[in-house]
Amino acid sequence: VLGLLSDINQYIIGMGNLQTNPAVQFSNSSDSSLQMGEIKPANISIHGSVAYQNNYMLDGISTNSDLDPAEQTSVTTTRLGASDEQGFYVDSRLIDSVTVYDHNIPVEFGGFTGGVVDAQTRSWSGENHISIFGRMTGSNWSHIITDPNLNVSSSDGDISHPAQFQNEFRKKTYGFNAEWGLTENLGVVVGYSRRESKIPTVQIPTTRVTLIPDNEWGGLQEVITETVPGGTQTQERTSDNFFAKATLYVSPETEANLSFAYSGYTSKAFLSTVADSDYEDQHDGYNLTASFKHAFDNAQWEGSLAYTYMKDKRDSAVDYWSQLDDYSYEPGIGQTLSTSASGGLGDLTSDQSIITAKTKLDFNPIQYMDATHQFTVGAELNLTHASYKRDKNYYRWMAPSMSGYVQNVYTTRWMAGKYTADYNQGALFGQHTLQYKDWTIRTGVRGEYDDFTEDFNMAPRFTAAWDLLGDGDSVLTFGANRYYGRNILTYALYKAQNGGMQNAYWYGSDEVPLEDEDWFDSNDFDGLQDLKTPYDDEFSVAFSQKVADWVGTLAYVHRNGHDGVRSRGITEGAGSDTRFIRQFYNGGESKHDSVIFTLSNVQPLKFASANHYVKFSAAWQQTKSNTAIDEGYSELESGRTINMNKVWYDGDVMDAEDLDATDFNIPVRLDLELTSEWDQWGLTWYNYFHFNAKRSQAIRDDGEYASWYDPEADETTQIRKYSKVRFASTWSWDTKLLYKPDWARGVGISLEVYNVLNNENATDVFVYKGQQYKSYDPGRQFWLQVTYDY
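Sequential numbering from 803 applies to the sequence shown in our numbering.
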């Protein structure tokens, strides 16, 4: 069945399945009409989890990047914009099969509280083939829908979102994949693809600020400002992906594979309001995996050994930031502020290397009395080394002035250095599957230990299926499971991000050094040593019914999330010794409920000279969490100490855990896929209809707070303030037509049209310059693709 993949998700493991999987929700901002030039993958949530708590696997090896995956949409001095929870973006043409585990997940999988996306790559099939492809689109083939109250210009990107508004873009994808035999039993599969996006962006006229220090007293001798002319520069995004796999069929019982995968992403950008701010973000991922399979007389054995290396790097044009804040007083208006800045965000590098060893033994079923027993045992070991590196000191100079007179300069320094962390984790698991009459009962347990939390976690798994009539057509399934999540390397490396920052009330640089006593630490952190592993408890019940050539399933899944990692601000000391500290703690709690119905035909419907396939799903979901699901451990009220357990929401004070979700919060969705194949003409037509019911979403009012009297503590505290934004229901129709006739000798052409009716579907809200605006899904968009298969 031909699947329709949006371009932003075409090269992500399993996204062809995930896009229409009713248990999966994409971020509300993942496909914004304002940023149609981006090519990075969308964040997803499975059954209410945070996006980085899914396990993405390639040939049984986890490919998650745990460096800093919570929030990748903004750029800061201490965090890298290229980081993403998915360390590899694999061409879907090289994927043989994808299994998406969203509930009742087998015991061999760990490292998640959401779900598992298990992708198996293609192996040599015994034949020789080659395929070449190319596809393209652009802003002139697309309709960009924006809030009517928003004047959109590519020059309006702010410092943390340098490409917030993308009026123009050009995107294309091209590559090849091939397979051929080297000997009778040895063959290879090779593939390469590149995705490119060019985003013309307006650079407005800016002011370059140059500070000339006075070496005698630590202040400034002169401030030089010069105008830098504007114009249009092109921001670029590229993604390169290479994959090679050799398969040796030693015997009918033994198979060996050796694969290599490379995934690279590069973003060239600049801050449209800042001079000399060009920078490049780069992500590189390398994976080498050796795997073996052997069938013994009484068991099937699988083993694998893998090395994975991932690096995120930022190169800035300059390693400093100069800012002039000019205050002036105007009669009748009062004090005004004019800010000019020039410089970059600084160079950074972070990397992680992982050695993974896995083994699993599936014993053949054995008959004992009236029951069949099947046992599985296995083990997994992950050795991780990570580093965070700043090659040289990075300086920020802030010079306040009053009516053109510079009073002083304030310096912040991020010190050069390399920080490392090791994180090692091991697991043992066992599973027993019992078949007795009309019952199939699977019980298992997974034991995990890691040397970061130093906790030994036991994750029991249980699933029971009852074949009501004994013919396989009516099956009732129950499940009760526990899943332990990932320990993000950011926790261990936070000292590198924050511990190297110092401040001084004078001008300081490598050329004009200050005395050690002139510098003081301004940030600190606490709580890392006490963190525990987050976990989810799950209960599920499902009923599946087969009638003729149709199969329908109704499932209910309930999740309780515990010990999610959060961060909060606390203060220590008093007076001039007061310090603001970021404290990590296991305070995250969540609840998720979903009811999902699916219906599909197992045999094609035959009419109008074609085979027709139908897949329908309806889902109701509700997630409650005391943590912003789109931020996770990044959630922090900078410089403030507030009560994190209460929130002000739409005029009422309530428990934070009862707050409406801030993302991934579509309550009701309906999906219908229709695929028709006219084999005699080489024609395939795919249609996808998608409906989202109306909903409400919690939105921070640009960082506002409310005062609340806590009767238990007998004190007034500050709490976060949220507003409720209501969204109308939305629906869209996407279609794809593929024409690949026999007479064309392998040439195929396809036309994809997204949002055929050009519906204006508001999906998210954001705060810009103190005002709320809605963002929309893209309007009608065309993609053209040409392929050649031999």
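Think of the CB as a built atom: it goes at the ideal place given N, C-alpha and C, for glycine as much as any other residue.
Unbroken beta strand (DSSP E) run spanning residue i, endpoints
i     : result
I846  : I846 to I848
R1547 : That residue, R1547, is in no beta strand (DSSP E); it is neither H nor E in DSSP.
D1128 : Y1122 to E1132
Q1482 : That residue, Q1482, is in no beta strand (DSSP E); it is neither H nor E in DSSP.
N1413 : A1412 to S1427
V1349 : Y1337 to V1349
H945  : Taken as a continuous stretch (DSSP letters only), H945 belongs to no beta strand (DSSP E), as it is neither H nor E.
W982  : R972 to G983
D1269 : F1258 to D1269
N1089 : Y1081 to A1097
V855  : Inspection of the sequence shows that residue 855 is occupied by Gln rather than by Val. First-last for Q855: undefined, no H or E at that position.
Q837  : No beta strand (DSSP E) contains Q837, which DSSP labels as neither H nor E.
D1153 : L1150 to F1165
W1216 : Y1212 to W1216
D958  : Unbroken run through D958: none, as it is neither H nor E.
D1432 : That residue, D1432, is in no beta strand (DSSP E); it is neither H nor E in DSSP.
F1254 : Run containing F1254: none; DSSP gives neither H nor E here.
Burial state of residue i, where buried means 16 or more other Cβ atoms lie within 10 Å
i     : result
V826  : buried
I814  : Caution applies to I814, whose pLDDT of 32 falls short of 50 and renders its modelled position unreliable; the value that the coordinates give is listed next. Label assigned to I814: buried.
Q1209 : exposed
F1258 : exposed
V1455 : exposed
E1514 : exposed
K757  : Nothing about residue 757 can be read from this structure; the chain reaches only from 803 to 1592.
L820  : buried
S1577 : buried
P1580 : buried
N1017 : exposed
G1281 : buried
K1538 : buried
M1217 : exposed
G993  : buried
G1032 : exposed
N1283 : buried
L1139 : exposed
T1178 : buried
Of the listed residues the options, nearest to residue i (C-alpha basis)
i     : options                       : result
R1198 : N1445, R1215, T1174 and Y1251 : R1215
S847  : S941, I1501, Y1109 and D904   : D904
F890  : N930, V1247, K974 and D1114   : D1114
M1260 : I1431, S1276 and D1339        : D1339
V1011 : W1321, L1022, P1002 and I1001 : L1022
G1371 : Q1385, Q1237, H1364 and L1183 : Q1385
V892  : R997, T1008 and V1025         : R997
I897  : V991, A1188, Y1490 and A1143  : V991
F911  : E1250, V1555 and R1522        : E1250
Y1129 : F1072, T1091, L882 and G1206  : G1206
A1058 : A1092, A1071, T1040 and V1030 : A1092
Q888  : F1345, P843, A1508 and W1533  : P843
F971  : P1002, P964, D949 and H963    : P1002
V919  : N930, G928, W926 and I907     : I907
R1116 : K1095, F1529, N1089 and S1152 : S1152
Expected contact under 8 Å - CB spacing of residue i and residue j to nearest Å
i     : j     : result
N856  : S864  : Between S864 and N856 the Cβ distance is about 10 Å, and since that is not below 8 Å, they are no contact.
T1158 : A1108 : 4 Å
S1124 : D1149 : About 17 Å; that fails the 8 Å criterion.
N1388 : L1330 : Contact flag wrong, Cβ pair sits at about 11 Å.
F1493 : S1531 : 7 Å
T975  : G936  : 7 Å
T1356 : F1418 : Just to set this straight, residue 1356 is Leu in the shown sequence, not Thr. Going by Cβ atoms, the distance from L1356 to F1418 rounds to 12 Å, so no, they are not a contact pair.
Within 8 Å, strictly: CB atoms of residue i and residue j
i     : j     : result
Y1196 : D1121 : yes
Q1499 : T1464 : yes
E1479 : N1413 : yes
N823  : S832  : no
Y1293 : D1252 : no
D958  : Q968  : no
S1074 : G1146 : no
M1200 : Q1154 : no
T1425 : H1394 : yes
A1223 : A1267 : no
T1597 : S1061 : A question about residue 1597 goes unanswered here, because the residues of the chain that appear run from 803 up to 1592.
Y1309 : L1126 : no
K1448 : D1457 : yes
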